[in-house]
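Q:
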Amino acid sequence: MNMNNTIKTICAEQWRYWLRTKVATTVLILGSILTLAALVVNGFHIEEAAHAREHLQHEAEERFLSQPDKHPHRMVHYGHYVFRTPTPLSVIEPGVDTYTGNAIFLEGHRQNSAMFAEQRQSAGLNRFSSLTPSFLALVLAPLFIILIGYGSVSREREAGTLTLLLTQGASRWQLVLGKLVALMLASGVFLLPLLLACVYVAFSNESALVVTLFCLGYMLYFMLWAVVVTACSTLFEKSSASFTVLIVIWMSACILLPRMGSSVATSIEPSIGKLEADFKVEEKLRSLGDGHDVNDPAFVKLKQDLLEKYNVDSVDDLPVNFRGIVAQYSEQRQAVVINEFAESRMQEELAQARIARQFGWLSPTVALRSFSTLLAGTSIETHHRFLREAEMLRMQFVQGLNKVHVEKLDYKLDMNRNASEEAADKAVVEASNWAVLSEFSFQPEAPMARLSSAAMYCLQLLLWVGVAVLLLNLAVRRLNP
Amino acid sequence: MMRSNDIKREAGFVFAHRQFKLTLLVVFLLSTVALWSGHAEMKAQQATIERLLEKDTVEREAVLSHQNSYGMVAYYAFHLTYAPPSPLAFAVVGERDVFPWKHRIRMLALEGQIYESDTDNPELAFLGRFDFAFVVSVLLPLFIILLLYDLKAKEREARRFDLLNVTARNSHAVWTSRTLVTLVPLALVTLIPFIAFAIVNGASLRSILLACVIVLGTISVWSAIVLAIGAAQRFAKYSATHLASLMLGVWLITTVIVPVTGHTVINAVVDTPEGGDIVLTQREAVNGAWDKPVEATWEKFIETHPQWANYTAYDPERDGSFNWKWYYAFQQVGDERASELSNAYQQATLRKNQLAGYVSLLSPSLLTQRLLSNTANTNVQSMIDYENKVRAFHASLREFYYQQLFAAPEFTEASLKQLPQFTTTSQVTTTKNEHTGKHQ
């Protein structure tokens, strides 16, 4: 018999058996329905969120620009909102999207945190599981593959047909490969909808290379499980032993280790919260002076320098608005301090995430999770990028407004603004100045940057494939009827 | 009747299996590690609160010593509020990692402050917490399935089934005692570490007992499910692993499919305002007030604060160079403008939680998780209660400062001793102007 034909026959035989038994067909049907449901539900959800956030972003910009003439510093406090739009691949891997807030209020003198994490609205219903394609693929699909394939070889042995097959001329490798191919095809039932969704995303606006590698990652993962399941089924004499061992492997790899990673990271690398960092910022800032108060002793030197530069005797004679200068100067100094702490906080969070990701050496599920969130742009890195871009925008419009304050608002009118309502009405600048605000449209990191940060986790995944193949090799060599 | 002899014999039989002893060891380790990590985290949270309290006092005193008017004090003085972890929170982190448990607030419009969140690393929250509740609600059922699925089938496959039934004085007693000698050690290895940690953390006897009952309840429910499937006549011809697949199917449907379907349906059914709308509305109202005549703000403000109707006139001599009371009045009006949305937002959160409670009746795992987090006060309701405490505290700040700003007594540092203090024991009192009718 031709080698390929033998494998084909064994594979076809296995499929005939699965289609006869209820468990396998039920699992196949249930699995594909779930995957489809997850894709549809999550797809709609992300689409809706993307629209809502784009709309809110647009609205926030319009509102800012349509503000009437007013004092420029009031616009600094009026502030602006930015929203993080989901990345294209969130349709499959939403990642941290629901756990981070997705809106930030930007204003002068303060760096606010992101608001409205969706997870708070879920009442704990999807803390363990979520109807996202990535959860199904990472956690449930391996269970399905186990339920379908745990007995593929051991059943033949228990029924006594193994000897028959081997004496009829099939080699041990042919037999096992036939079973493996059958199982891979079965797992393809769960994988296919996912791949189709990826193709759809690729046609929208994601880099084709990223999407291809994303798909490859999932394909490797599914193959890996099919190999492990077939190997165990070959290795153990009884189906029940193979079943128990596989379920234990699944529990540890898919459920236990990812969470262990998260808990270990929290204890190894404790991170001080934002509130605590805020206190440190304030402590440091107190020495820098209050930007609202031009008489603060911290600004004496600034005043001296300015008077010398323009060669005048009092701030009243300066050609620029001294209050604006103070605002500009203190905002800048404050931003340096704030960002020093914000940056170290982000580094702490990143260090925590990296510790958790090291568990990828212990569990392929963790490896693929890191790989797919990094490629999809739904990891902590992308959220940090959002925070940094929001901060850049904040500084850009606040300092832009302060510049307007310096150059376009008369100092005397400004100082007199609290005297009466008429005086307040005079201490304003034209609304056309609000155009200092630039548009915000959040984009994840460039494809190459995402690929290079995901490379290590691809390595983890490949290591696992290697381990699985070795296991299969061992199993085949030890296969005795 | 079960006899002690039967139990002894079965215990000897069950403990002779290496697999059983190994399972017990694994469950014991998992339970201990989960408890330890929860314990460490709650200790860290407590330490954080203590550090924050210390810094809060220092910071506020530094601010107060610099200011010489109530308006400025109110603008610059932040107040720390926090929800300390309950003695049982180490076992159920619950909602504490997505809801904030600490806020610093000041006299400005609250709606712009209360949605700030200082929560933990989102990527770790997304990977999930490995706490005791997780071990009990998700993993323990799987271990029960693994231990019990082949209870009878194993004997049937080994062709000892009939023999056992015949030789035992009472065939029923054999299976009952074998189940018991399997489950009692399992319950013990799960609960003994829990009780030890609970005592260390100073949990009340009542809450410990309650948690133990919930854990035992979970074990009973899952054992009943597993035994019922194993004993069903319909499945008598199934192999042991076939039966186990069925049991896993039940686990999958109740632990995964029911919750996610429930979540999807609840999200579709309950109308929730966009969070962004609340803060946008509030901001428009607050900032718009600068461009409106002062009277427009007063008119709205007096509607809810008639007692200050005669004190709105601004006198620079008395009130200082800036009209602070008008400033805080429009902050108040801004909150009131957003209050309908914000109320609806909170109501939606509670409504979803309530519906999730009904969904959990279909899912033993979810029910266990919810019951445990109710016991540990780490459920949605507790987090909302904290939010309402913050609201109530903010209201008391307003009450204090309005007195100073409107009645305009001489500024003295001593009067600041009367500043309201946030206490975690304070009752959630909702004043007329703040969120009302929150608790059904």
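These protein sequence lines map, in sequence, to chains U and W.
Numbers given in the numbering used here equal positions in the first sequence, counted from 1, plus 244.
Numbers given in the numbering used here equal positions in the second sequence, counted from 1, plus 58.
In this text, a Cβ means the ideal position worked out from N, Cα and C, and glycines have one as well.
(1) Helix, strand or coil: how does DSSP classify residue 308 (chain U) here?
(2) Assign residue 163 (chain W) to one of three DSSP states: helix, strand, or coil.
(3) Can you tell me which residues form a DSSP beta bridge with residue 489 (chain U)?
(4) Looking at the C-beta of residue 404 (chain W), does it have a partner C-beta in chain U at a distance below 8 Å?
(5) Report, in whole angstroms, the separation of the C-beta atoms of residue 610 (chain U) and residue 517 (chain U), which I expect to be a contact under 8 Å.
(6) For residue 359 (chain U), write down the residues that DSSP places opposite it in a beta bridge.
(7) Evaluate residue 309 (chain U) with the Cβ neighbour count: other Cβ atoms within 10 Å of its Cβ, from every protein chain shown; 16 or more gives buried, anything less gives exposed.
(8) Per DSSP, what kind of secondary structure is residue 139 (chain W) in: helix, strand or coil?
(9) Which residues of chain W have a Cβ atom closer than 8 Å to the Cβ of residue 395 (chain U), listed in chain order?
(10) Short of 7 Å in beta carbon distance, which residues of its chain neighbour residue 284 (chain W), apart from the five on each side in sequence? Order them along the chain.
(11) Taking only three categories from DSSP, how would you classify residue 324 (chain U)?
(12) Check whether the Cβ atoms of residue 113 (chain W) and residue 523 (chain U) sit closer than 8 Å, and answer yes or no.
(13) Note down the Cα distance separating residue 477 (chain U) from residue 713 (chain U), rounded to an integer number of angstroms.
(14) Tell me, which residues are paired with residue 354 (chain U) by DSSP?
(15) Can you find a CB in chain U that lies within less than 8 Å of the CB of residue 173 (chain W)?
(16) Using a Cβ distance threshold of 8 Å, determine whether the segment 584-599 of chain U contacts the segment 553-560 of chain U, with at least three qualifying pairs required.
(17) Of the residues W:322, W:389 and W:325, which one's Cα is nearest the Cα of residue 355 (chain W)?
(18) Between residue 530 (chain U) and chain W, is the shortest Cβ-Cβ distance under 8 Å, so that the two count as touching?
(19) Is residue 365 (chain U) close to chain W, meaning its C-beta is less than 8 Å from at least one C-beta of that chain?
(20) At a CB-CB cut-off below 7 Å, which residues of chain U make contact with residue 303 (chain W)?
(21) State the DSSP-derived secondary structure class of residue 350 (chain W), mapped to helix, strand or coil.
(22) Mind listing the chain W neighbours of residue 345 (chain U)? Cutoff is C-beta to C-beta under 7 Å, in chain order.
(23) Can you give the Cα-Cα distance for residue 303 (chain W) and residue 332 (chain W), rounded to whole angstroms?
(24) Look up residue 680 (chain U) in the DSSP assignment and say whether it is helix, strand or coil.
(25) Output yes if chain W places a C-beta closer than 8 Å to the C-beta of residue 336 (chain U); else output no.
(26) Whole angstroms are fine: how far does the CA of residue 574 (chain U) sit from the CA of residue 663 (chain U)?
(27) Beta-carbon within less than 6 Å of residue 730 (chain U)'s beta-carbon, same chain only, minus the 5 sequence neighbours each way: which residues are those?
(28) Thinking just about the alpha-carbon of each residue, which of W:378, W:341 and W:382 is nearest to the one in residue 352 (chain W)?
(29) Output the residue ranges of the alpha helix (DSSP H) runs that lie fully inside the segment 451-498 of chain U and measure 4 residues or longer, sorted by chain position.
(30) Give the single residue among W:179, W:136 and W:73 whose Cα lies nearest to the Cα of residue 599 (chain U).
(31) Could you name the residues of chain W that residue 493 (chain U) contacts, counting a contact when the two beta carbons are closer than 8 Å?
(32) Roughly how many angstroms lie between the CA atoms of residue 421 (chain W) and residue 581 (chain U), to the nearest whole one?
(33) On the DSSP bridge assignment, give the partners of residue 131 (chain W) in chain order.
(34) May I have a chain-ordered list of the alpha helix (DSSP H) segments no shorter than 4 residues that lie completely inside the segment 363-395 of chain U?
(35) Pairs of beta-carbons, one from the segment 91-110 of chain W and one from the segment 486-498 of chain U, closer than 8 Å: are there three or more?
(36) Go ahead and label residue 250 (chain W) buried or exposed: buried means 16 or more other beta carbons lie within 10 angstroms of its beta carbon, across all protein chains shown.
A: Looking at the atomic coordinates:
(1) helix
(2) strand
(3) Note: residue 489 (chain U) sits in no beta bridge, so no partner.
(4) no
(5) Contact flag wrong, Cβ pair sits at about 25 Å.
(6) U:347
(7) exposed
(8) strand
(9) 299
(10) 202, 203, 206, 207 and 305
(11) strand
(12) yes
(13) 14 Å
(14) U:351
(15) yes
(16) no
(17) W:389
(18) yes
(19) yes
(20) 267 and 391
(21) coil
(22) 175
(23) 43 Å
(24) helix
(25) no
(26) 25 Å
(27) Because chain U spans 245 through 725 in this model, residue 730 (chain U) falls outside it and cannot be assessed.
(28) W:382
(29) 452-479 and 483-494
(30) W:179
(31) Here the premise fails: no neighbours, minimum Cβ distance about 12 Å.
(32) 50 Å
(33) Answer is none; residue 131 (chain W) lacks a bridge partner.
(34) 385-393
(35) no
(36) exposed
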